[in-house]
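When we follow the UniProt record's numbering, the leftmost residue of the sequence shown carries the number 1, and every step to the right adds one.
Even glycine gets a Cβ: it sits at the ideal position worked out from N, Cα and C.
A quick write-up on the structure given underneath.
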Amino acid sequence: MPPKRNKRKLAKGKDDAGDDVFVPDEVDPRKAPVPKPMIESYTCPLGSDGNHRSAEGVEKAVIRAAKRAAHCWENYAPTFKIKGLKLSTLEKRPKNAKADIEKANIIIKSMENMEADAGSARYLDEDGKPLVCVFSRRLLPNPTDQPPTGTSKPSVPYYTGSEGRTLTDYKSASPLFWDGIPKNVLTRYHEAAQMLHAHVPPVANVKDIRHPSDKVMKYTFTHNPESSVVNETVEYYRHGLSSGALIGQERTGAWHGVHAWAQQGHPDGPLIQSRDMSSKTCTGQRHVRQFYQLTRPVALHIKERFRVAFPEYFSKYEAAFEAGVWEKEDPGPFLGRVTVWKLQVETHQDGLDEGPAAIFNYGSYTGGILYLPDLRVKISYEPGELVFLMAGRLYHHVSEWVPKPKEKEDKLTPGRVGNVFFFPKISYERLKDKPPGWNYRTSSGSCPDVGPSTVLK
1 MPPKRNKRKL AKGKDDAGDD VFVPDEVDPR KAPVPKPMIE SYTCPLGSDG NHRSAEGVEK
61 AVIRAAKRAA HCWENYAPTF KIKGLKLSTL EKRPKNAKAD IEKANIIIKS MENMEADAGS
121 ARYLDEDGKP LVCVFSRRLL PNPTDQPPTG TSKPSVPYYT GSEGRTLTDY KSASPLFWDG
181 IPKNVLTRYH EAAQMLHAHV PPVANVKDIR HPSDKVMKYT FTHNPESSVV NETVEYYRHG
241 LSSGALIGQE RTGAWHGVHA WAQQGHPDGP LIQSRDMSSK TCTGQRHVRQ FYQLTRPVAL
301 HIKERFRVAF PEYFSKYEAA FEAGVWEKED PGPFLGRVTV WKLQVETHQD GLDEGPAAIF
361 NYGSYTGGIL YLPDLRVKIS YEPGELVFLM AGRLYHHVSE WVPKPKEKED KLTPGRVGNV
421 FFFPKISYER LKDKPPGWNY RTSSGSCPDV GPSTVLK
């Protein structure tokens with residue numbers, strides 16, 4: 001069956017080589033929907049090892065694996081200090097000030113020719129406070145469930161660059177250990193997210209994009225879809241004349257899933273679910289709930305790593321999360337998630353949170369390196385690399401990325417999807433002293449407490 005055609009009028013122009021090309025006018029995102037993943041079943045987070053296990057058995061195995069990975073990182077990941085940098089100084093800066101962003105971009109420009117650091121690490125300020133924790137590649141052997149011996153702590157060296165820690169270094173090293181999100185777990189998250197956004201479209205707000213054309217991502221194919229299986233929900237057009245390559249188009253945007261936050265302009269009003277989490281339709285609500293259920297494995301891996309990366313924040317966030325949680329499939333302790341669906345990411349600080357956030361990405365793309373200009377650290381940030389950072393205090397930037405051509409056997413569309421797990425500051429302040437289940441039982445304090453027996457298990 002031939003692919004779906006773009007029937008809008010096409011404008012004729014020239015490409016860089018001077019050849020005729022036909023390109024569509026600015027695409028309406030509604031006419032370039034996110035297609036459903038072409039899968040018959042979701043990837044098991046344990047791979048083939050989980051085929052004969054119950055759902056409870058799979059989850060127990062996921063938790064064991066997550067705890068083990070966190071334990072290995074805690075005891076064997078290297079630690080570095082950042083010379084001359086103090087968190088207390090960063091906390092005094094206004095957020096996303098134009099002058100600070102310009103300064104950060106100058107630093108980023110100067111770092112472009114540096115090789116990216118591709119290894120696990122802790123990065124501390126001069127006072128020993130954690131700024132960034134990276135879960136990625138590691139050369140040191142896994143422990144035998146015993147911490148290193150000795151009572152004295154070695155002095156922490158200053159970070160001097162990525163020498164010996166680049167992708168090239170790790171590719172030639174053996175044995176090599178992975179502290180990031182396991183591949184099967186990450187693939188399942190990707191499948192679940194694409195299924196969600198096929199039913200609950202992401203929205204590209206003006207503040208989230210650089211150009212109007214960024215509302216739609218375009219990608220190519222390594223094959224002719226007309227002669228293979230075609231996803232009928234994908235919007236296509238021809239690049240060039242009738243024999244030109246077929247181009248896929250897909251809407252971009254962001255999705256905010258937050259259990260409890262204040263409405264804009266009403267910081268003292270009741271905490272409510274984000275509009276994206278509650279969705280606009282009954283069908284959307286079902287898919288949001290299914291998304292949280294399907295993505296528990298990633299959330300559990302993030303939870304255990306956060307426990308060792310920022311232990312002080314973990315205990316505070318977990319208590320506040322238990323008070324504010326609405327969607328029971330989410331294991332916490334982060335109260336909110338943002339999916340950045342195939343958008344470029346400019347230099348910024350996160351505006352809603354003051355403590356650490358977790359970031360990771362997945363997809364098929366080239367580019368997408370993470371810059372931390374305050375630290376002068378450049379991270380490879382490939383799919384599955386997990387980074388915890390003081391995102392409300394540190395400027396961060398992801399370099400421009402390009403979707404890889406879609407392979408014939410690919411069940412998911414190409415492009416890069418960023419993810420942020422965070423805890424809004426206002427929500428934390430309102431929830432930190434509340435008992436477990438408070439938000440659910442009292443409708444954020446607007447009703448009498450109905451009692452713990454009515455909380456869904």
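Taking the alpha-carbon of residue i as reference, which of the options has the nearest alpha-carbon?
| i | options | result |
| --- | --- | --- |
| Gly248 | Arg376, Met38, Tyr219 | Tyr219 |
| Gly284 | Leu196, Gly47, Ala391, Lys103 | Leu196 |
| Thr413 | Ile107, Ala104, Trp341, Glu354 | Trp341 |
| Thr166 | Glu115, Ala173, Val216 | Glu115 |
| Ser380 | Asp449, Pro94, Ala118 | Ala118 |
| Ala55 | Gly451, Gln293, Pro373 | Gln293 |
| Gly265 | Pro311, Ile426, Glu191, Ser213 | Ile426 |
| Met390 | His199, Phe306, Ser136 | Phe306 |
| Phe310 | Leu124, Lys31, Val27 | Leu124 |
| Lys280 | Glu329, Pro331, Pro202 | Pro202 |
| Arg430 | Trp255, Pro267, Lys378 | Pro267 |
| Asp179 | Val206, Phe135, Gln194 | Phe135 |
| His397 | Lys404, Arg376, Tyr170, Val308 | Arg376 |
| Asp353 | Val200, Asn75, Arg337, Glu346 | Arg337 |
| Cys133 | Val308, Lys411, Glu346 | Val308 |
| Asp410 | Lys171, Pro154, His190, Leu140 | His190 |
| Ile272 | Ser315, Glu327, His301 | Glu327 |
| Leu370 | Gly50, Gln194, Asn105, Asp100 | Asn105 |
| Arg286 | Val200, Ile101, Tyr170, Arg68 | Val200 |
Whole angstroms are fine: how far does the CA of residue j sit from the CA of residue i?
| i | j | result |
| --- | --- | --- |
| Pro78 | Gly384 | 19 Å |
| Asn224 | Glu407 | 10 Å |
| Ile181 | Ser399 | 21 Å |
| Ser48 | Val185 | 12 Å |
| Lys103 | Gly57 | 51 Å |
| Pro373 | Lys98 | 15 Å |
| Ala198 | Val34 | 5 Å |
| Asp145 | Glu312 | The pLDDT assigned to Asp145 is 48, lower than 50, so where the model puts this residue is not dependable; a value taken from the coordinates is nonetheless given after this. When rounded, the distance between both Cα atoms is 23 Å. |
| Asn113 | Gly161 | 12 Å |
| Leu335 | Val27 | 34 Å |
| Lys183 | Ile107 | 33 Å |
| Glu329 | Arg393 | 30 Å |
| Ser174 | His52 | 32 Å |
| Gln344 | Asp214 | 8 Å |
| Leu90 | Thr222 | 46 Å |
| Ser110 | Glu59 | 45 Å |
| Lys86 | Gly128 | 9 Å |
| Gln263 | Trp438 | 18 Å |
| Ala70 | Ser315 | 16 Å |
| Pro94 | His301 | 33 Å |
| Val21 | Pro297 | Caution is warranted here: a pLDDT of 41 is assigned to Val21, below 50, making its placement in the model unreliable, and the coordinate value is therefore given only provisionally. Cα to Cα, Val21 sits roughly 45 Å from Pro297. |
| Ala65 | Gly50 | 13 Å |
| Glu382 | Lys67 | 22 Å |
Kindly list the residues whose CB is nearer than 7 Å to the CB of residue i, restricted to its own chain and excluding five residues on each side of it in sequence; keep chain order.
| i | result |
| --- | --- |
| Thr187 | Thr43 |
| Arg416 | Lys342, Asn361, Gly363, Tyr365, Gly368, Trp401 |
| Ala299 | Asp330, Pro331 |
| Leu140 | Tyr76 |
| Ser274 | His256, Gly257, Val258, Trp261 |
| Pro403 | Met217, Tyr219, Ser364, Tyr365, Pro414, Gly415 |
Only counting the same chain, and skipping five residues up and downstream in sequence, which positions put a Cβ closer than 6 Å to that of residue i?
| i | result |
| --- | --- |
| Ile359 | Val387, Val420 |
| Pro270 | Ser444, Ser446 |
| Ala61 | Leu46 |
| Glu322 | Pro436 |
| Pro291 | For the record, residue 291 in the displayed sequence is Phe; it is not Pro. Excluding sequence neighbours, Phe291 sits near Ala192, Leu196. |
| Asp449 | Arg441, Thr442 |
| Lys434 | Ala323 |
| Glu74 | Val308 |
| Ala32 | Val216, Glu235, Gln249, Glu250, Arg251 |
I'd like to check one pair, residue j with residue i: are the Cβ atoms closer than 9 Å?
| i | j | result |
| --- | --- | --- |
| Glu126 | Ile63 | no |
| Pro356 | Pro37 | no |
| Tyr317 | Gln349 | no |
| Phe177 | Arg138 | yes |
| Ala320 | Tyr428 | yes |
| Arg251 | Met217 | yes |
| Ala260 | Gly324 | yes |
| Val258 | Pro424 | yes |
| Lys303 | Pro333 | yes |
| Ala339 | Gly418 | In the sequence under discussion, the amino acid at residue 339 is Thr, which differs from the Ala named in the question. Cβ distance < 9 Å, so Thr339 and Gly418 count as in contact. |
Leaving out the 5 sequence neighbours to the left and right, which residues in its chain are closer than 8 Å to residue i when beta-carbon positions are compared?
| i | result |
| --- | --- |
| Asn96 | His348, Gln349, Gly351 |
| Phe80 | Ala121, Arg122, Tyr123, Leu124, Val156, Pro157, Tyr158, Tyr159 |
| Gly451 | Arg441 |
| Ala204 | Pro29, Asp214, Lys215, Arg251, Thr252, Gly253, Ala254, Leu343 |
| Pro405 | Tyr219, Thr220, Phe221, Thr222, Pro414 |
Can you tell me whether residue i sits near the ligand MG, meaning its C-beta is under 8 Å from at least one heavy atom of the ligand?
| i | result |
| --- | --- |
| Met38 | Because no ligand of any kind appears in the structure shown, any question about the ligand MG cannot be addressed here. |
If we cut at 9 Å on Cβ distances, does residue i have a partner in chain C?
| i | result |
| --- | --- |
| Pro414 | Given the protein chain composition of this structure (a single chain), no chain C is represented. |
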